[in-house]
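Worksheet: the structure to be examined is printed underneath.
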Amino acid sequence: MTTGVRRRMGVEERRQQLIGVALELFSRRSPDDVSIDEIASAAGISRPLVYHYFPGKISLYEAALQRASDDLAARFVEPHEGPLGARLLRVMRRYFDFVDEHGPGFSALMRGGPAVGSSTTNALVDSVRQAAYVQILSHLGVTDPPARLELVVRSWISLAESTALIWLDGRRIPREELEPQLVNDFAALAAVSAAYDEEMAALLRGIVKDEPADGPFAHLAGRLIALTS
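Take the position in the sequence shown, starting the count at 1, then add 209; the result is the number in this note's numbering.
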(Lines of atoms letter the chains of each structure in order from A and count residues from 1; the text may use other names and numbers.)
(Lines give C-alpha, C1' and ligand atoms only; values in the text may rest on other atoms or scores of the structure.)
Protein backbone atom coordinates (compact mmCIF):
# COMPACT_ATOMS: atom_id res chain seq x y z
CA MET A 1 0.00 0.00 0.00
CA THR A 2 1.39 3.38 -1.00
CA THR A 3 0.53 6.81 0.30
CA GLY A 4 0.10 9.62 -2.22
CA VAL A 5 1.98 12.84 -1.64
CA ARG A 6 0.13 16.03 -2.43
CA ARG A 7 2.26 18.16 -4.72
CA ARG A 8 2.62 21.81 -3.77
CA MET A 9 1.35 24.09 -6.53
CA GLY A 10 3.03 27.26 -7.64
CA VAL A 11 1.18 30.57 -7.41
CA GLU A 12 0.05 30.74 -11.05
CA GLU A 13 -0.78 27.04 -11.18
CA ARG A 14 -2.97 27.40 -8.09
CA ARG A 15 -4.69 30.47 -9.54
CA GLN A 16 -5.47 28.60 -12.74
CA GLN A 17 -6.77 25.63 -10.73
CA LEU A 18 -9.12 27.88 -8.76
CA ILE A 19 -10.34 29.57 -11.94
CA GLY A 20 -11.05 26.16 -13.45
CA VAL A 21 -12.90 24.97 -10.35
CA ALA A 22 -14.94 28.18 -10.15
CA LEU A 23 -15.80 28.01 -13.84
CA GLU A 24 -17.00 24.44 -13.45
CA LEU A 25 -19.24 25.40 -10.50
CA PHE A 26 -20.51 28.54 -12.24
CA SER A 27 -21.30 26.39 -15.28
CA ARG A 28 -23.70 24.26 -13.27
CA ARG A 29 -25.31 26.96 -11.09
CA SER A 30 -25.69 30.69 -11.05
CA PRO A 31 -22.60 32.40 -9.59
CA ASP A 32 -24.89 33.98 -6.98
CA ASP A 33 -25.53 30.49 -5.59
CA VAL A 34 -21.89 29.40 -5.39
CA SER A 35 -19.97 30.22 -2.21
CA ILE A 36 -16.26 30.66 -1.62
CA ASP A 37 -16.51 27.71 0.79
CA GLU A 38 -17.75 25.49 -2.05
CA ILE A 39 -14.95 26.64 -4.32
CA ALA A 40 -12.38 25.98 -1.61
CA SER A 41 -13.80 22.53 -0.90
CA ALA A 42 -13.85 21.59 -4.59
CA ALA A 43 -10.24 22.76 -4.95
CA GLY A 44 -9.18 20.87 -1.82
CA ILE A 45 -7.89 23.95 0.00
CA SER A 46 -9.02 26.18 2.85
CA ARG A 47 -11.25 29.23 2.50
CA PRO A 48 -8.47 31.64 3.65
CA LEU A 49 -6.19 30.25 0.95
CA VAL A 50 -8.75 31.16 -1.74
CA TYR A 51 -8.62 34.73 -0.46
CA HIS A 52 -4.83 34.58 -0.66
CA TYR A 53 -5.14 34.30 -4.45
CA PHE A 54 -8.33 36.30 -5.02
CA PRO A 55 -9.65 39.14 -2.84
CA GLY A 56 -13.25 37.95 -3.19
CA LYS A 57 -15.79 36.03 -5.24
CA ILE A 58 -16.25 38.89 -7.68
CA SER A 59 -12.59 38.88 -8.67
CA LEU A 60 -12.63 35.08 -9.01
CA TYR A 61 -15.84 35.30 -11.06
CA GLU A 62 -14.24 37.86 -13.35
CA ALA A 63 -11.17 35.66 -13.81
CA ALA A 64 -13.40 32.69 -14.64
CA LEU A 65 -15.39 34.92 -16.99
CA GLN A 66 -12.16 35.94 -18.74
CA ARG A 67 -11.34 32.30 -19.44
CA ALA A 68 -14.90 31.60 -20.56
CA SER A 69 -15.01 34.68 -22.80
CA ASP A 70 -11.73 33.66 -24.46
CA ASP A 71 -13.22 30.21 -25.07
CA LEU A 72 -16.47 31.62 -26.45
CA ALA A 73 -14.69 34.10 -28.73
CA ALA A 74 -12.52 31.29 -30.10
CA ARG A 75 -15.63 29.40 -31.17
CA PHE A 76 -16.35 32.05 -33.79
CA VAL A 77 -13.02 31.35 -35.48
CA GLU A 78 -13.67 29.31 -38.62
CA PRO A 79 -11.50 28.53 -41.68
CA HIS A 80 -12.45 30.55 -44.75
CA GLU A 81 -13.30 27.46 -46.75
CA GLY A 82 -16.58 26.44 -48.35
CA PRO A 83 -19.88 28.35 -48.63
CA LEU A 84 -20.76 30.94 -45.99
CA GLY A 85 -23.92 29.12 -44.87
CA ALA A 86 -21.98 25.99 -43.94
CA ARG A 87 -19.35 28.04 -42.11
CA LEU A 88 -21.96 29.89 -40.05
CA LEU A 89 -23.67 26.61 -39.21
CA ARG A 90 -20.43 25.19 -37.81
CA VAL A 91 -19.97 28.37 -35.76
CA MET A 92 -23.50 28.11 -34.36
CA ARG A 93 -22.94 24.48 -33.39
CA ARG A 94 -19.82 25.40 -31.44
CA TYR A 95 -21.65 28.39 -29.91
CA PHE A 96 -24.49 26.19 -28.65
CA ASP A 97 -21.95 23.64 -27.40
CA PHE A 98 -20.63 26.40 -25.15
CA VAL A 99 -24.10 27.50 -24.05
CA ASP A 100 -24.99 23.87 -23.32
CA GLU A 101 -21.83 23.34 -21.25
CA HIS A 102 -22.00 26.64 -19.34
CA GLY A 103 -25.78 27.23 -19.16
CA PRO A 104 -26.27 28.78 -15.71
CA GLY A 105 -23.09 30.85 -15.97
CA PHE A 106 -23.99 32.07 -19.46
CA SER A 107 -27.50 32.93 -18.33
CA ALA A 108 -26.28 34.72 -15.20
CA LEU A 109 -23.85 36.77 -17.23
CA MET A 110 -26.43 37.91 -19.78
CA ARG A 111 -29.35 38.36 -17.39
CA GLY A 112 -27.57 39.61 -14.30
CA GLY A 113 -25.01 38.06 -11.97
CA PRO A 114 -22.64 39.04 -9.15
CA ALA A 115 -20.23 40.90 -11.39
CA VAL A 116 -22.66 42.18 -13.98
CA GLY A 117 -22.48 45.93 -14.25
CA SER A 118 -18.80 46.11 -13.39
CA SER A 119 -16.56 47.69 -16.01
CA THR A 120 -14.48 44.49 -16.18
CA THR A 121 -17.46 42.26 -16.84
CA ASN A 122 -18.98 44.60 -19.40
CA ALA A 123 -15.65 44.85 -21.21
CA LEU A 124 -15.34 41.05 -21.37
CA VAL A 125 -18.85 40.61 -22.75
CA ASP A 126 -18.24 43.37 -25.30
CA SER A 127 -14.94 41.75 -26.30
CA VAL A 128 -16.75 38.52 -27.20
CA ARG A 129 -19.32 40.42 -29.25
CA GLN A 130 -16.57 42.37 -31.00
CA ALA A 131 -14.60 39.19 -31.73
CA ALA A 132 -17.72 37.64 -33.26
CA TYR A 133 -18.36 40.80 -35.27
CA VAL A 134 -14.81 40.88 -36.66
CA GLN A 135 -14.96 37.20 -37.55
CA ILE A 136 -18.24 37.53 -39.46
CA LEU A 137 -16.93 40.53 -41.39
CA SER A 138 -13.81 38.58 -42.32
CA HIS A 139 -15.96 35.80 -43.75
CA LEU A 140 -17.84 38.38 -45.78
CA GLY A 141 -14.53 39.78 -47.05
CA VAL A 142 -15.32 43.25 -45.69
CA THR A 143 -12.90 45.43 -43.73
CA ASP A 144 -14.78 48.75 -43.75
CA PRO A 145 -18.46 47.80 -43.39
CA PRO A 146 -21.20 50.22 -44.45
CA ALA A 147 -23.71 51.20 -41.80
CA ARG A 148 -26.40 48.75 -42.94
CA LEU A 149 -24.01 45.79 -42.87
CA GLU A 150 -22.80 46.70 -39.39
CA LEU A 151 -26.45 46.85 -38.28
CA VAL A 152 -27.15 43.40 -39.77
CA VAL A 153 -24.13 41.70 -38.21
CA ARG A 154 -24.49 43.25 -34.77
CA SER A 155 -28.24 42.60 -34.74
CA TRP A 156 -27.60 38.97 -35.64
CA ILE A 157 -25.08 38.55 -32.81
CA SER A 158 -27.64 39.97 -30.37
CA LEU A 159 -30.26 37.62 -31.81
CA ALA A 160 -27.97 34.63 -31.24
CA GLU A 161 -27.52 35.66 -27.59
CA SER A 162 -31.27 36.11 -27.05
CA THR A 163 -32.07 32.82 -28.77
CA ALA A 164 -29.56 30.97 -26.58
CA LEU A 165 -31.07 32.46 -23.41
CA ILE A 166 -34.61 31.52 -24.45
CA TRP A 167 -33.43 28.03 -25.37
CA LEU A 168 -31.86 27.58 -21.92
CA ASP A 169 -35.22 28.33 -20.33
CA GLY A 170 -36.69 24.88 -20.80
CA ARG A 171 -34.96 23.87 -24.04
CA ARG A 172 -38.36 23.56 -25.67
CA ILE A 173 -36.98 23.77 -29.20
CA PRO A 174 -34.26 21.28 -30.23
CA ARG A 175 -30.95 23.05 -30.71
CA GLU A 176 -30.54 21.04 -33.94
CA GLU A 177 -33.37 23.21 -35.29
CA LEU A 178 -32.24 26.50 -33.76
CA GLU A 179 -28.70 26.35 -35.15
CA PRO A 180 -29.75 26.33 -38.85
CA GLN A 181 -32.58 28.74 -38.04
CA LEU A 182 -30.03 31.28 -36.81
CA VAL A 183 -28.02 30.84 -39.98
CA ASN A 184 -31.19 31.51 -41.96
CA ASP A 185 -31.92 34.49 -39.71
CA PHE A 186 -28.62 36.00 -40.86
CA ALA A 187 -29.65 35.53 -44.49
CA ALA A 188 -33.08 37.01 -43.79
CA LEU A 189 -31.66 40.09 -42.08
CA ALA A 190 -29.25 40.60 -44.97
CA ALA A 191 -32.04 40.16 -47.53
CA VAL A 192 -34.29 42.74 -45.86
CA SER A 193 -31.42 45.21 -45.74
CA ALA A 194 -30.55 44.44 -49.38
CA ALA A 195 -34.08 45.45 -50.39
CA TYR A 196 -33.26 48.99 -49.27
CA ASP A 197 -29.59 49.28 -50.21
CA GLU A 198 -27.79 48.38 -53.45
CA GLU A 199 -24.45 47.86 -51.70
CA MET A 200 -26.06 45.25 -49.46
CA ALA A 201 -27.81 43.73 -52.48
CA ALA A 202 -24.48 43.29 -54.25
CA LEU A 203 -23.00 41.66 -51.16
CA LEU A 204 -25.97 39.31 -50.84
CA ARG A 205 -25.77 38.32 -54.51
CA GLY A 206 -22.11 37.42 -53.99
CA ILE A 207 -23.02 35.25 -51.00
CA VAL A 208 -25.91 33.47 -52.70
CA LYS A 209 -24.06 32.61 -55.92
CA ASP A 210 -21.57 30.48 -53.96
CA GLU A 211 -24.22 28.64 -51.98
CA PRO A 212 -24.99 25.01 -52.95
CA ALA A 213 -28.53 23.88 -53.69
CA ASP A 214 -28.60 21.85 -50.48
CA GLY A 215 -27.11 24.63 -48.30
CA PRO A 216 -28.97 26.42 -45.47
CA PHE A 217 -29.51 29.63 -47.47
CA ALA A 218 -30.97 27.77 -50.47
CA HIS A 219 -33.10 25.73 -48.10
CA LEU A 220 -34.56 28.94 -46.66
CA ALA A 221 -35.33 30.28 -50.14
CA GLY A 222 -37.13 27.07 -51.03
CA ARG A 223 -39.26 27.22 -47.89
CA LEU A 224 -40.23 30.85 -48.52
CA ILE A 225 -41.18 30.11 -52.11
CA ALA A 226 -43.30 27.18 -50.93
CA LEU A 227 -45.16 29.47 -48.52
CA THR A 228 -46.22 31.82 -51.31
CA SER A 229 -47.19 29.16 -53.85
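Glycine residues also receive a C-beta, built at the ideal position from the N, C-alpha and C atoms.
Treat the numbers as computed from the prediction; the structure is a model and nothing was measured.
Is it the case that the Cβ atoms of residue i and residue j are separated by a distance below 8 Å?
i: Val230; j: Met301; result: no
i: Arg303; j: Arg284; result: yes
i: Arg237; j: Pro313; result: yes
i: Leu398; j: Val337; result: no
i: Arg357; j: Asp406; result: yes
i: His348; j: His428; result: no
Rounded to whole angstroms, what's the CA-CA distance from residue i to residue j? Just pull it up for me.
i: Asp309; j: Ala369; result: 14 Å
i: Ile382; j: His311; result: 18 Å
i: Glu221; j: Pro264; result: 15 Å
i: Pro425; j: Gly294; result: 6 Å
i: Arg217; j: Arg296; result: 45 Å
i: Ile366; j: Leu360; result: 10 Å
i: Gln344; j: Ile248; result: 35 Å
i: Pro240; j: Glu386; result: 29 Å
i: Pro257; j: Lys266; result: 12 Å
i: Ile254; j: Asp242; result: 20 Å
Pick helix, strand or coil for residue i, following the three-state DSSP scheme.
i: Tyr270; result: helix
i: Leu227; result: helix
i: Thr352; result: coil
i: Met218; result: coil
i: Ile382; result: coil
i: His311; result: coil
At a cut-off of 7 Å, would you count residue i as near the ligand SAM, judging by its Cβ distance to the nearest heavy atom?
i: His289; result: Of the ligands one can find in the structure shown there are none, so the ligand SAM has no counterpart to examine.
Under 8 Å between C-beta atoms, does residue i make it to chain B?
i: Asn331; result: Reference to chain B is not applicable here, since this structure consists of a single protein chain.
**Asked** Fully enclosed by the stretch 235 to 302, which alpha helix (DSSP H) runs are 4 residues long or longer?
**Response** 245 to 252, 256 to 262, 266 to 283
**Request:** Just list the alpha helix (DSSP H) runs in the stretch 392 to 423, keeping only unbroken ones of 4 residues or longer that don't cross its boundaries, in chain order.
**Result:** 407 to 418
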